[in-house]
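Contents: one structure, followed by commentary.
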Amino acid sequence: VGKTPYWKDAVFYQVYPASFKDSNGDGWGDIPGLISELDYLRDLGVDVVWLSPMFESPQKDMGYDISDYQAVYNRYGTLDDVDTLIASCHDRNMKLILDLVVNHTSDEHPWFKESRSSKTNPKRDWYIWKPPRYDPDGNRIPPTNWRSYFAGPTWTWDDHTQEYYLHLYGSFQPDLNWENPSCREAIYQETMRFWLDRGVDGFRIDTVNKYSKRTDFPDAPITFPGQPNQPAAEMWCNGPRIHEFIREMQEKVLTPYNHALSVGELSNTPLPSQVLPYVSAANRELDMVFEFSMIRLGTGGAFHGKYLYQPYPLSELKAHVATWQTFLEGTDAWHTVFCENHDNGRAVSRFGDTSSRKNWERSAKTIALWQGTLTGTLFLYQGQEIGMVNMPKEWGIEEYKDCESIGFYQEAVASGDKDRIAKTMDGLRILARDHSRLPFQWDGSANAGFTGEDVLPWMRVHDSAFEDGLNVETQKEDKESVLGFYKTVLKLRNECDELFIHGAFRHLLPGDEALFVYVKEAGESERKALVVLNFSAEEQDLSSRGITVAGALGCKEGEEARLVITTLREVERLGIENPERLRPWEGGVYVNF
Ligand code: TEU
14 VGKTPYWKDA VFYQVYPASF KDSNGDGWGD IPGLISELDY LRDLGVDVVW
64 LSPMFESPQK DMGYDISDYQ AVYNRYGTLD DVDTLIASCH DRNMKLILDL
114 VVNHTSDEHP WFKESRSSKT NPKRDWYIWK PPRYDPDGNR IPPTNWRSYF
164 AGPTWTWDDH TQEYYLHLYG SFQPDLNWEN PSCREAIYQE TMRFWLDRGV
214 DGFRIDTVNK YSKRTDFPDA PITFPGQPNQ PAAEMWCNGP RIHEFIREMQ
264 EKVLTPYNHA LSVGELSNTP LPSQVLPYVS AANRELDMVF EFSMIRLGTG
314 GAFHGKYLYQ PYPLSELKAH VATWQTFLEG TDAWHTVFCE NHDNGRAVSR
364 FGDTSSRKNW ERSAKTIALW QGTLTGTLFL YQGQEIGMVN MPKEWGIEEY
414 KDCESIGFYQ EAVASGDKDR IAKTMDGLRI LARDHSRLPF QWDGSANAGF
464 TGEDVLPWMR VHDSAFEDGL NVETQKEDKE SVLGFYKTVL KLRNECDELF
514 IHGAFRHLLP GDEALFVYVK EAGESERKAL VVLNFSAEEQ DLSSRGITVA
564 GALGCKEGEE ARLVITTLRE VERLGIENPE RLRPWEGGVY VNF
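So the mapping is simple: UniProt numbering equals the position in the sequence shown, first residue as 1, plus 13.
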């Protein structure tokens with residue numbers, strides 16, 4: 014409510030249920046555990062909780078493989094628990110959105126079981142089945158040469174009906190056929206309205222741009238000569254009917270539920286011109302999307318293999334941010350701000366500095382200030398607010414549980430190439446999806462307060478919870494901790510919403526490889542903010558780069574620039590005479606008064 018829809022100004026917080034808080038001592042987080050920490054989230058400044066999949070699932074892809082959309086996975090709780098969660102959020106004036114995973118189901122979903130039972134089953138066409146091809150030697154080969162996201166082909170042979178089925182992800186995740194109208198209606202009714210009727214406020218929509226595939230099924234161009242499977246995202250991303258499907262979903266389901274919230278996951282779609290149709294208000298498709306150019310930095314992408322790490326300069330990160338900050342100008346669209354989720358390494362380990370305790374704390378706060386001063390809806394991922402870090406480098410492959418990590422590692426091993434194995438492991442240490450899935454660090458006890466001390470958690474607890482006091486309990490009482498700083502940033506963001514949530518972004522020093530500097534300007538008012546972030550472990554000087562704080566703010570006669578927030582602790586601030594000189598990983602915001 015207010016001058017804009019609530020979700021523009023809201024702070025969202027993603028909860029990964031397996032790893033947040035275990036209430037019953039089985040080593041898996043659960044919904045009652047989440048409910049018990051809602052006050053913690055409210056106190057942090059969270060308005061909307063996004064809960065990753067808690068539905069019935071064989072858990073081969075951590076719940077992104079759903080076998081019953083209307084049941085709750087028993088380790089996470091019951092339907093009653095979800096009802097209590099909805100009510101408990103609403104009691105606190107918070108909202109709850111669920112993850113909508115409808116590009117594919119689990120192969121154990123009854124729909125797929127029926128579909129695979131015979132070629133004449135009424136649900137045969139709810140999934141994508143194709144006859145085989147044969148190579149010149151008469152060997153059976155898949156209908157196309159497409160490579161799946163988790164390594165290997167996108168097609169799996171079904172012996173029983175002698176056809177292949179399509180799966181963009183694991184073979185246990187068959188793709189639904191959105192071309193089939195009764196399949197679409199079942200999705201709307203059984204996966205969406207069911208939960209909206211129970212009171213959820215909307216959805217984060219998984220893989221939202223992949224429902225309309227090319228229906229002529231051509232081979233993808235050869236990127237890896239000699240390999241059977243080739244990257245083929247253009248065969249299924251932003252396909253011919255995608256906007257029609259999403260508009261239908263909005264019109265038939267979301268709009269009738271008081272415009273239930275929608276935030277779509279939009280991978281492989283890096284151009285503003287491709288993104289705009291999804292989020293232009295006039296198009297009535299989605300409220301907002303996650304665009305991935307920034308969060309994919311460092312991944313080898315289609316051409317090197319995701320986990321062969323490719324270093325990149327800071328200017329590239331800044332350019333991605335600038336693109337999406339300015340994308341909004343002159344449009345009726347809206348955007349998201351985020352730097353973590355359950356599919357990526359921890360931000361402080363990727364964009365910050367974990368080489369010392371001091372740099373860890375400073376860079377985690379600088380990341381907080383960066384995110385908190387950008388225009389768009391802010392999404393935080395659990396643990397980001399205490400600066401949780403990637404797994405220790407010494408941990409071996411046996412600590413990695415994600416099907417994607419294991420798929421890529423096994424592929425490297427199968428190649429027999431020692432160098433590739435080592436490089437894949439190096440890449441996993443930075444980029445693996447596992448890092449963000451480690452148990453949440455509540456306190457310094459044996460299992461970090463995530464679960465009972467004598468329980469074996471589903472993933473190993475990070476040593477930093479006990480060794481370095483990287484946990485909520487230690488940070489809670491300290492206003493200048495990472496956690497305390499996040500709270501301060503979120504307050505400032507709300508107080509100066511016209512600058513930080515809605516302001517125009519002007520990039521200074523775009524080519525600089527150490528400093529990230531920008532001005533935020535509010536529409537009608539004369540108020541401006543200068544954000545200076547030192548993304549390096551060395552001291553950096555603004556004035557030698559031709560910038561003065563007052564100048565950048567355009568201070569008029571009688572106006573002065575005031576520092577309104579800094580990442581430095583009070584003791585570190587003492588004796589600083591020159592605001593134009595930044596300490597390692599220091600960040601600050603100046604406003605004209
Ligand atoms: O991710 C889909 C997606 O866009 C992929 O790029 C994903 O980031 C993955 O890491 C590919 O390398 C969603 C979920 O966020 C992810 O956890 C699931 O595994 C995936 O869908 C399949 O449901």
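Here a beta-carbon is modelled for each residue, glycine too, at the ideal position from N, C-alpha and C.
None of these values were measured; they are calculated from a predicted model.
(Q) Quick check: W139 and N193, are their CB atoms within less than 9 Å of each other? (A) yes
Q: Could you tell me whether the stretch 339-346 touches the stretch 370-385, where touching means 3 or more Cβ pairs closer than 8 Å?
A: no
Q | S101, enclosing beta strand (DSSP E) - first and last residue | A | Element bounds for S101: not the beta strand (DSSP E) but the alpha helix (DSSP H), L92 to D104.
Q) Can you tell which of Q72, K21, A542 and F513 has its C-alpha closest to the C-alpha of Y89? A) Q72
Q) If you measure from the CB of S184, is any heavy atom of the ligand TEU nearer than 8 Å? A) no
**Q.** Nearest-angstrom Cα separation, counted from L528 out to Q488
**A.** 28 Å
Q. By the 10 Å Cβ neighbour count, where 16 or more other Cβ atoms means buried, how is W373 classified, buried or exposed?
A. buried
Q: Measure the beta-carbon distance from S449 to H333 and round it to whole angstroms, keeping in mind my assumption that it falls under 8 Å.
A: The Cβ separation is near 20 Å, so there is no contact.
Q) CB of T339 to nearest heavy atom of the ligand TEU: below 8 Å? A) Incorrect: T339 has no Cβ contact closer than 8 Å to the ligand TEU.
(Q) Please state the DSSP three-state secondary structure of V468. (A) Annotated three-state conformation of V468 is coil, per DSSP.
Q. Can the beta-carbon of A542 be found less than 9 Å from the beta-carbon of C509?
A. yes
Q | Range covered by the beta strand (DSSP E) that runs through R519 | A | A517 to L521
Q: Let me know if N242 comes out buried or exposed under the rule of 16 or more other beta-carbons within 10 Å of its beta-carbon.
A: Taking all protein chains in view, the Cβ of N242 is crowded by 16 or more other Cβ atoms within 10 Å, so the residue is classified as buried.
Q) Would a C-beta distance cut-off of 9 Å place G457 and E486 closer than the cut-off? A) With a cutoff of 9 Å on beta-carbon distance, G457 and E486 are scored as near each other.
Q. Who are the Cβ neighbours of F305 in its own chain at under 6 Å, not counting the five residues just before and after it?
A. So the qualifying residues of the chain are S280.
Q.
What I want to know is whether the C-beta of V114 ends up closer than 8 Å to one or more non-hydrogen atoms of the ligand TEU.
A. yes
**Q.** Cross-strand partners of V213 (DSSP beta bridge)
**A.** In the DSSP output, where bridge partners are listed per residue, V213 has none listed.
Q. When we look at the beta-carbon of F230 and count the other beta-carbons within 10 Å, is it buried (16 or more) or exposed?
A. exposed
(Q) Can you tell me which residues form a DSSP beta bridge with G601? (A) V545 and T579
Q: Return the residue from the list T580, G482 and V95 that minimises the CA-CA distance to R596.
A: Nearest neighbour of R596 by Cα position, chosen from T580, G482 and V95, turns out to be T580.
Q: Indicate the three-state DSSP secondary structure (helix, strand or coil) for D554 in the structure shown.
A: strand
Q: To the nearest angstrom, report how far apart Q240 and A233 are at their CA atoms.
A: 12 Å
Q: Closer than 8 Å by C-beta to V292: which residues in its own chain qualify, once you throw out the five before and the five after it? Chain order, please.
A: E298, L299, D300, M301, V302, A346, W347 and H348
Q: Confirm the yes/no value for this check: CB of E50, any heavy atom of the ligand TEU, distance under 8 Å.
A: no
Q | Beta carbon of Y182 nearer than 9 Å to that of W168 | A | no
Q. So who's on the other strand from Y322, going by DSSP bridges?
A. Paired residue(s): none; Y322 is not in a bridge.
Q | Bounding residues of the beta strand (DSSP E) (the contiguous stretch that carries Y177) | A | E176 to L179
(Q) Under 8 Å: does the beta carbon of N354 sit that close to some heavy atom of the ligand TEU? (A) For the ligand TEU, at least one heavy atom lies less than 8 Å from the Cβ of N354.
Q) Three-state secondary structure (DSSP) at H26? A) Reading off the sequence shown, one finds Tyr at residue 26, where the question assumed His. DSSP places Y26 in strand when its eight states are reduced to three.
Q. Using a threshold of 8 Å, is the CB atom of F216 nearer than that to any non-hydrogen atom of the ligand TEU?
A. no
Q | Distance, T312 Cα to F421 Cα | A | 13 Å
Q) In angstroms, rounded to a whole number, what distance separates the CA positions of P145 and K223? A) 23 Å
**Q.** Unbroken stretches of the alpha helix (DSSP H), 4 residues or longer, contained in the stretch 164-209
**A.** 194-199
Q.
I want to know whether the stretch 430-448 touches the stretch 402-416 - three or more CB-CB distances under 8 Å.
A. yes
Q: Report yes if the C-beta of Y89 is less than 8 Å from at least one heavy atom of the ligand TEU; otherwise report no.
A: no
Q. Does the ligand TEU have even one heavy atom less than 8 Å from the beta-carbon of S306?
A. no
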